[in-house]
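Chemist: Per the numbering used here, the very first residue in the sequence shown carries number 4; after that it's consecutive. I am attaching a structure below and will ask some questions about it afterwards.
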Amino acid sequence: MTLSRASRTRRRYPSHVIALITVTVMSLVACTGGPSPSAGETEVQAPTDWPAELPFDRGVGPVALGYVAGGVSYVLLESGEQYLVPGDLRRGGRASLSPEGRWLLLGDTLYDTENGRTTTVALAAAPRSWSPNGRWLLTECSSEGTGSRQQRLDATAGSTIDVAGLPSEDDGVCGADAVLDDGNVITAVLPAGSGPVREVSLRVLNPQTGGVVREIDVDLTSILQTEESVAGWHGLLGLLVGPDGELFLRVIGGVDRQTIGVVIAADDGRPVRRVDVPAEGGWVPVAIDDEGIVIVHGDDGNGAQISVVDPDGAIHRRHHLPPGAQLMLVPGGVITI
Numbered sequence: 004m005t006l007s008r009a010s011r012t013r014r015r016y017p018s019h020v021i022a023l024i025t026v027t028v029m030s031l032v033a034c035t036g037g038p039s040p041s042a043g044e045t046e047v048q049a050p051t052d053w054p055a056e057l058p059f060d061r062g063v064g065p066v067a068l069g070y071v072a073g074g075v076s077y078v079l080l081e082s083g084e085q086y087l088v089p090g091d092l093r094r095g096g097r098a099s100l101s102p103e104g105r106w107l108l109l110g111d112t113l114y115d116t117e118n119g120r121t122t123t124v125a126l127a128a129a130p131r132s133w134s135p136n137g138r139w140l141l142t143e144c145s146s147e148g149t150g151s152r153q154q155r156l157d158a159t160a161g162s163t164i165d166v167a168g169l170p171s172e173d174d175g176v177c178g179a180d181a182v183l184d185d186g187n188v189i190t191a192v193l194p195a196g197s198g199p200v201r202e203v204s205l206r207v208l209n210p211q212t213g214g215v216v217r218e219i220d221v222d223l224t225s226i227l228q229t230e231e232s233v234a235g236w237h238g239l240l241g242l243l244v245g246p247d248g249e250l251f252l253r254v255i256g257g258v259d260r261q262t263i264g265v266v267i268a269a270d271d272g273r274p275v276r277r278v279d280v281p282a283e284g285g286w287v288p289v290a291i292d293d294e295g296i297v298i299v300h301g302d303d304g305n306g307a308q309i310s311v312v313d314p315d316g317a318i319h320r321r322h323h324l325p326p327g328a329q330l331m332l333v334p335g336g337v338i339t340i
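This is how it looks when you write it as structure tokens:
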């Protein structure tokens, strides 16, 4: 059984100057070990004039990213336009963007960029992950009341359900890590004991009943070094679901610190490839799209960056924010830097 591929089109960004975005043709001289120069990298510039506020009476088209500059929140569309976002994208960690850029979650408001419609949603916790097709959103766990609570949002219907009891030795653990295109969720069962984890069982569960749909046994001993691990004290380090029947498991512990994860096949758990980033470090994997693993780098004085690691291991720059701007939204990703 394989995961269905999300229906989407390849993103294409304008090569000419549009509105307040400057597309810079990068130098053809590459730095060894760093992201390859890309003629398509978009240099994002904060507006010098006050742009229009995001309209809630009409659609604007897919959103490419969201950021905060000078205390003001903006979204950049795939068309190159920018809009002001009401409120603060940083507040409460409740802002999120679906993989195809259609659904924009702003606190308790779900905004459809196709038609401008808004739906009020009652989420008990911050977003954790989107399904590749953008229909389902899985939340973090809420500690309100007794025990833990986790929800799955159906973006098309604007409705939520509580994820049914998750198999765990500890009743206080809320363990779904990701959601698939069919709405089922994934949780991990880790081996007992301490030390690096290179084997794990991923359980696909029906979120309404808690029943096990199937299990994916993952053995990474052939692709990971002895000191590398996919889990820490609180479970998996990170699990991302891709549109092409692939899963990404985040990794720590490598000697060179360049390996950030491993791609595995979602049908049988077999390892496909390691994912490496530039040696300077600081890159965080946040999503998988049809071009590869999306990685972000926080502002180190030169502005936050978004790049993608393609299946061949080449790193392509995608967006570069100005120094001082805080990256908040990436399609399908949850920003934690």
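Even glycine gets a Cβ: it sits at the ideal position worked out from N, Cα and C. Note that the structure is predicted; figures quoted are calculated from it, not measured.
Would you please state the rounded distance, in angstroms, between the beta carbons of Ser-232 and Val-254? I believe it to be under 8 Å.
Modeler: Position 229 of the sequence shown, counted from the start, is the residue given in the question as residue 232. Position 251 of the sequence shown, counted from the start, is the residue given in the question as residue 254. The pair is a contact, with the Cβ atoms about 7 Å apart (cut-off 8 Å).
Chemist: Tell me the rounded alpha-carbon separation between Pro-334 and Ile-298.
Modeler: As a working note, residue 334 is residue 331 in the sequence shown. As a working note, residue 298 is residue 295 in the sequence shown. Rounded to whole angstroms, Pro-334 to Ile-298 spans 12 Å at the Cα level.
Chemist: With Val-63 and Gly-69 assumed to form a contact (beta carbons below 8 Å), what rounded beta-carbon distance in angstroms separates them?
Modeler: Numbered from its first residue, the sequence shown carries residue 63 at position 60. Numbered from its first residue, the sequence shown carries residue 69 at position 66. Contact doesn't hold; Cβ gap of about 13 Å is too wide.
Chemist: Val-337 and Ser-132 look like a contact to me (Cβ under 8 Å); what is the Cβ gap, rounded to whole Å?
Modeler: Counting from one through the sequence shown, the residue named residue 337 turns up at place 334. Counting from one through the sequence shown, the residue named residue 132 turns up at place 129. With 8 Å as the limit, Val-337 and Ser-132 qualify as a contact, their Cβ atoms being about 7 Å apart.
Chemist: Report all residues from its chain with a CB closer than 6 Å to the CB of Asp-60; omit the five preceding and five following residues, and keep chain order.
Modeler: As a position in the sequence shown, residue 60 is number 57, starting the count at 1. So the qualifying residues of the chain are Gly-119.
Chemist: Which runs of the beta strand (DSSP E) spanning at least 3 residues fall entirely within the region 222-295, listed in chain order?
Modeler: Those beta strand (DSSP E) runs which fall completely within the region 222-295 and span 3+ residues are 242-244, 249-253, 262-268, 274-279 and 286-292.
Chemist: Assuming Ile-314 and Arg-276 are in contact, meaning their beta carbons sit under 8 Å apart, how far apart are those beta carbons, in whole angstroms?
Modeler: For the purposes of this step, residue 314 is taken as the residue at position 311 of the sequence shown. For the purposes of this step, residue 276 is taken as the residue at position 273 of the sequence shown. Correcting the residue identity first, residue 314 is Pro in this sequence and not Ile. Right, the Cβ-Cβ distance comes to about 7 Å (below 8 Å), so this counts as a contact.
Chemist: Which partner residues does Val-71 have in the DSSP bridge list?
Modeler: Walking along the sequence shown from the start, residue 71 turns up at place 68. Beta-bridge pairing links Val-71 to Ser-76 and Gln-329.
Chemist: Can you round the beta-carbon distance between Leu-242 and Ala-181 to whole angstroms, since I take them to be within the 8 Å contact cut?
Modeler: Looking up residue 242 in the sequence shown gives position 239. Looking up residue 181 in the sequence shown gives position 178. Confirmed, Cβ separation roughly 5 Å.
Chemist: Closest to Leu-330 by CA distance: which of Val-312, Gln-211, Arg-320 and Gln-308 is it?
Modeler: Position 327 of the sequence shown, counting from 1, holds the residue named residue 330. Among Val-312, Gln-211, Arg-320 and Gln-308, the Cα nearest to that of Leu-330 is on Gln-308.
Chemist: Enumerate in chain order the residues of its own chain whose CB-to-CB distance from Ala-191 is below 8 Å, with the five nearest sequence positions on each side excluded.
Modeler: As a position in the sequence shown, residue 191 is number 188, starting the count at 1. For Ala-191, where only same-chain residues beyond five positions count, the Cβ hits under 8 Å are Gly-178, Asp-180, Val-203, Ser-204, Leu-205, Arg-206, Ala-234, Gly-238, Leu-239 and Leu-242.
Chemist: Grouping DSSP H, G and I as helix and E and B as strand, with all else coil, what is Gly-336?
Modeler: Numbered from its first residue, the sequence shown carries residue 336 at position 333. Of the three classes helix, strand and coil, the one that applies to Gly-336 here is strand, per DSSP.
Chemist: At the level of alpha carbons, what is the spacing between Asp-91 and Gly-73?
Modeler: For the purposes of this step, residue 91 is taken as the residue at position 88 of the sequence shown. For the purposes of this step, residue 73 is taken as the residue at position 70 of the sequence shown. Approximately 11 Å, taken between the alpha carbons.
Chemist: Measuring straight from C-alpha to C-alpha, what distance separates Arg-201 and Ile-263?
Modeler: By 1-based counting over the sequence shown, the position of residue 201 is 198. By 1-based counting over the sequence shown, the position of residue 263 is 260. Looking at the two C-alpha atoms, the distance is approximately 14 Å.
Chemist: Let me make sure I understand the geometry here. Which of Leu-193, Gly-83 and Pro-210 has the alpha-carbon closest to that of Trp-139?
Modeler: Your numbering for residue 139 matches position 136 in the sequence shown. With distances taken between Cα atoms, Trp-139 lies closest to Pro-210.
Chemist: With distances taken between CB atoms, is the gap from Gly-256 to Glu-230 smaller than 8 Å?
Modeler: For the purposes of this step, residue 256 is taken as residue 253 along the sequence shown, with counting starting at 1. For the purposes of this step, residue 230 is taken as residue 227 along the sequence shown, with counting starting at 1. Yes, the Cβ-Cβ distance between Gly-256 and Glu-230 is below 8 Å.
Chemist: Closest to Gly-327 by CA distance: which of Ser-76, Ala-67, Tyr-114 and Asp-184 is it?
Modeler: As a working note, residue 327 is residue 324 in the sequence shown. Of Ser-76, Ala-67, Tyr-114 and Asp-184, the residue nearest in Cα terms is Ser-76.
Chemist: With a threshold of 16 other CB atoms inside 10 Å of the CB of Ser-101, please say whether the residue is buried or exposed.
Modeler: Taking the sequence shown and counting its residues from 1, the one referred to as residue 101 is at position 98. It counts as buried.
Chemist: Which residues in the same chain have their Cβ closer than 7 Å to the Cβ of Pro-54, if we skip the five residues on either side of it in sequence?
Modeler: By 1-based counting over the sequence shown, the position of residue 54 is 51. So the list reads Gln-85, Tyr-86 and Leu-87, once near-sequence residues are dropped.
Chemist: Please go through the region 119-147 and give each complete beta strand (DSSP E) segment of 3 or more residues, from N-terminal end onward.
Modeler: Counting whole runs of 3 or more residues, the region 119-147 contains the beta strand (DSSP E) stretches 121-123, 130-133 and 139-145.
Chemist: Going by DSSP in three states, Arg-97 sits in which element: helix, strand or coil?
Modeler: Taking the sequence shown and counting its residues from 1, the one referred to as residue 97 is at position 94. Residue state, collapsed to three classes: coil.
Chemist: Would you call Pro-288 buried or exposed, if buried means 16 or more other Cβ atoms sit within 10 Å of its Cβ?
Modeler: Your numbering for residue 288 matches position 285 in the sequence shown. Its Cβ being crowded by 16 or more others within 10 Å, Pro-288 is buried.
Chemist: Return helix, strand or coil for Ala-22, following the three-state DSSP convention.
Modeler: The count along the sequence shown starts at 1 and reaches residue 22 at position 19. With a pLDDT of only 33 at Ala-22, under 50, the local geometry of the prediction cannot be trusted, and the value read off the model is given with reservation. Here Ala-22 sits in coil by DSSP.
Chemist: Considering only their Cβ atoms, is the gap separating Thr-116 from Leu-109 smaller than 8 Å?
Modeler: Here residue 109 refers to the residue found at position 106 of the sequence shown. Here residue 116 refers to the residue found at position 113 of the sequence shown. Their beta carbons are not under 8 Å apart, which means Leu-109 does not touch Thr-116 by this criterion.
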